[in-house]
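Below is one structure, written out as structure tokens; the observations come after it.
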Amino acid sequence: MDSVTIIGAGLSGLALALGLHLKGIRATIYESRATPLNIGGAVMISPNGLRVLDALNIYQGVKPQGYSFDRLDFKSAATGDLLETYEFGNADRYGYRALRVYRTVLINALLEEVERKGIPVVFGKRFSHVVEDTAQGVTFAFADGSTEKAGLLVGADGIHSKVRRHLYPDLEPTFIHMAGITAAVPTAQLKVPEGYHIPVTITSPQGAFVIAPQEVDGSEVLIGKQRRLLGDDNDEATKPPGWEKTLEAKQDAVRFLQQGNEQFPEIVHNATSQIDPARINIWPFYVVPRLERWASATRRVVILGDAAHAIPPSAGQGINQAFEDVYVLALLLGRLGGAGEDEKLHTDALSFWQEYRQARVDKVLDLNRQIDLRRMPSDDKLVGTGSGVLKEEFDLEWLYNADLNGVVDEWFAKQKEESQAVEN
Ligand SMILES: Cc1cc2nc3c(=O)[nH]c(=O)nc-3n(C[C@H](O)[C@H](O)[C@H](O)COP(=O)(O)OP(=O)(O)OC[C@H]3O[C@@H](n4cnc5c(N)ncnc54)[C@H](O)[C@@H]3O)c2cc1C
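Under full-length UniProt numbering, the residue at position 182 of the sequence shown is numbered 182, and the numbers go up by one with no gaps.
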């Protein structure tokens with residue numbers, strides 16, 4: 001039984017199917033929705049994610065459909081000073097500029113490639129639970145009562161993952177009473193002053209206002225703020241499912257974006273002067289605790305992407321880390337020849353996969369914390385004074401320039417050495 005079944009045709013699931021196909025491994029994807037996920041909005045892909053998309057033959061197709069950029073500026077709302085810059089890409093240093101691209105563009109590009117390769121994607125089929133999980137394979141059930149078998153079952157089913165329940169039956173993601181409130185508006189409306197760099201995060205003691213260009217020519221921007229949702233009226237837990245998609249919630253979000261503008265410069269007043277409620281996106285933040293295991297004891301049920309690690313948005317690494325999960329797993333399975341006949345090697349490879357990936361996710365979580373800390377209006381993290389208000393640069397080499405192929409080659413070379421040592 002060499003087949004791999006993937007639950008979820010989101011960015012992780014589709015990318016994994018392509019990665020496996022490149023290694024000659026058959027996969028089938030099951031997606032609960034009738035059509036591909038479209039939660040709207042653009043996402044930011046950094047060089048580590050773009051390298052994976054390039055290897056999957058997706059990057060060249062989506063690049064002309066997105067906005068390429070290198071850095072995000074942080075500015076003070078009160079003084080207009082540049083506080084620091086955060087590098088999202090750099091062709092010379094990391095091989096790629098960062099790309100802001102609509103999620104639908106990315107999903108469609110992946111889906112078209114999946115279909116071109118003849119990889120089966122079954123829409124409207126909701127995974128329910130694992131029936132049996134042995135070293136020989138997995139039997140699992142769908143919500144319609146039907147069952148299937150697979151050599152390896154991969155849960156790429158997002159933060160509310162059902163596959164994860166097999167590993168953590170009682171785990172529920174926690175709503176942290178925060179939401180990202182964003183809108184898309186025409187860039188022309190902002191009257192961006194000459195020489196003013198966007199994307200920018202304008203920080204004030206009350207919070208930060210983000211402006212990030214999208215569309216190929218930057219003719220549209222995403223604007224946004226984070227909102228604390230507390231109390232009966234604003235607590236998501238007391239609202240019916242899907243509340244964030246209602247017109248009422250969107251109109252309320254428009255008012256929220258327009259409030260408190262007196263603390264921000266004119267560009268923010270302009271940005272929020274006209275907002276179409278239909279272009280509002282509300283993103284409730286959930287967290288999942290750090291998980292000790294991303295695979296079952298047999299390593300035949302695996303979770304990845306948001307199902308394994310929900311990464312807060314500060315460093316823009318959610319999708320990028322999911323792409324790394326996918327790519328390293330495909331490389332390992334490719335070397336194992338599918339869902340692995342050699343049980344020990346399969347188990348060891350999957351253990352290595354999780355250790356390697358978890359260590360990088362941990363570093364990203366640490367980076368997130370550093371970014372959040374720096375966004376707080378405190379002078380003691382500044383380097384220098386006066387015009388030298390720029391903070392020390394982040395070292396992002398480890399994040400954007402990781403050699404994932406090299407890491408997997410090295411691991412297999414080590415396994416070979418060890419098994420030869422045992423034989424001798
Ligand atoms: C508004 C917003 C902006 C973001 N911006 C960025 C960004 O700029 N950069 C970045 O790196 N990250 C960003 N993220 C995070 C990023 O979207 C996630 O990390 C990423 O989507 C995770 O992909 P995934 O495939 O693991 O999960 P998902 O995208 O959640 O996909 C899971 C799929 O599984 C399907 N599914 C769920 N349950 C079942 C079931 N029982 N049976 C079958 N199918 C099922 C779902 O329908 C869905 O299609 C953003 C997130 C949001 C919400």
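C-beta atoms are modelled at their ideal positions from N, C-alpha and C, and glycine is treated no differently.
Check	Outcome
Can you check whether the CB of residue 62 is closer than 8 angstroms to the CB of residue 106?	yes
Determine the closest residue to residue 241 out of 305, 303, 329 and 282, with distance taken between C-alpha atoms.	282
Whole angstroms is fine: what's the gap from residue 109's alpha carbon to residue 58's?	7 angstroms
In whole angstroms, what separates the C-alpha of residue 94 from that of residue 397?	8 angstroms
Need the endpoints of the beta strand (DSSP E) that residue 155 sits in, please.	152 to 155
Can you check which of these residues, 44, 54, 180 and 335, is closest to residue 212 by C-alpha distance?	44
Kindly list the residues whose CB is nearer than 7 angstroms to the CB of residue 379, restricted to its own chain and excluding five residues on each side of it in sequence; keep chain order.	With a pLDDT of 45 at residue 379, under the threshold of 50, the modelled position of this residue cannot be trusted; read the value that follows with caution. Closer than 7 angstroms at the Cβ level, and outside the excluded window around residue 379, lies no residue.
Using 8 angstroms as the threshold, is the C-beta distance between residue 284 and residue 247 below it?	no
Inspect the beta-carbon positions of residue 322 and residue 305 and report whether they are closer than 8 angstroms.	yes
With a threshold of 16 other CB atoms inside 10 Å of the CB of residue 75, please say whether the residue is buried or exposed.	buried
Among residues of its own chain, excluding the 5 on either side of residue 85, which ones have a beta-carbon nearer than 6 angstroms to its beta-carbon?	71 and 73
Between residue 294 and ligand 1, is the CB less than 7 angstroms from at least one heavy atom?	no
Any idea if residue 229 is buried or exposed, counting beta-carbon neighbours within 10 angstroms, 16 or more meaning buried?	buried
Tell me the residue span of the beta strand (DSSP E) that contains residue 283.	280 to 287
Less than 7 angstroms between the CB of residue 37 and some heavy atom of ligand 1, yes or no?	yes
Using only the alpha-carbon positions, how far apart do residue 223 and residue 210 sit?	5 angstroms
Tell me which same chain residues have a C-beta within less than 7 angstroms of the C-beta of residue 444, skipping the five on either side of it?	The chain is shown only over 1 to 424; residue 444 falls outside these bounds and no answer can be derived.
Would you say the beta carbon of residue 43 comes nearer than 7 angstroms to a heavy atom of ligand 1?	yes
I think residue 226 touches residue 155, with their Cβ atoms under 8 angstroms apart; what is that distance to the nearest whole Å?	Not a contact, Cβ separation roughly 29 angstroms.
Express the C-alpha separation of residue 400 and residue 393 in angstroms, rounding to a whole number.	15 angstroms
Between the segment 243 to 263 and the segment 128 to 141, do three or more beta carbon pairs fall short of 8 angstroms?	no
Between the beta-carbon of residue 151 and the beta-carbon of residue 296, is there less than 8 angstroms?	no
How is the beta strand (DSSP E) around residue 265 delimited, first residue to last?	Residue 265 -> no beta strand (DSSP E), and no H or E assigned at all.
Of the choices 114, 358 and 318, whose alpha-carbon is the least far from that of residue 292?	358
Answer with buried or exposed for residue 422, where buried requires no fewer than 16 other C-beta atoms within 10 angstroms of its C-beta.	exposed
Does the beta-carbon of residue 31, which I'm using as the reference point, lie nearer than 7 angstroms to any heavy atom of ligand 1?	yes
Can you say whether residue 243 is buried or exposed, counting buried as having 16 or more other CB atoms within 10 angstroms of its CB?	exposed
Is the segment 315 to 331 touching the segment 164 to 181 in the sense that three or more CB pairs, one from each, lie closer than 8 angstroms?	no
Using a Cβ-Cβ cut-off of 7 angstroms (strictly less than) and excluding sequence neighbours within five positions of residue 405, which residues of its own chain qualify?	331
Give the secondary structure of residue 86 by DSSP, where H, G and I count as helix, E and B as strand, and everything else as coil.	strand
Quick test of your reading: residue 163 and residue 301, contact by CB under 8 angstroms. State the CB separation rounded to the nearest angstrom.	7 angstroms
Alpha carbons only, please: which of 114, 424, 115 and 79 is nearest the one belonging to residue 205?	79
Report yes if the C-beta of residue 352 is less than 7 angstroms from at least one heavy atom of ligand 1; otherwise report no.	no
Run the CB neighbour count on residue 194, radius 10 Å, all protein chains shown included, and call it buried at 16 or more, exposed below.	exposed
What three-state label does DSSP hand residue 338 in the structure shown?	coil
Classify residue 136 as buried or exposed, calling it buried when 16 or more other Cβ atoms lie within 10 Å of its own Cβ.	exposed
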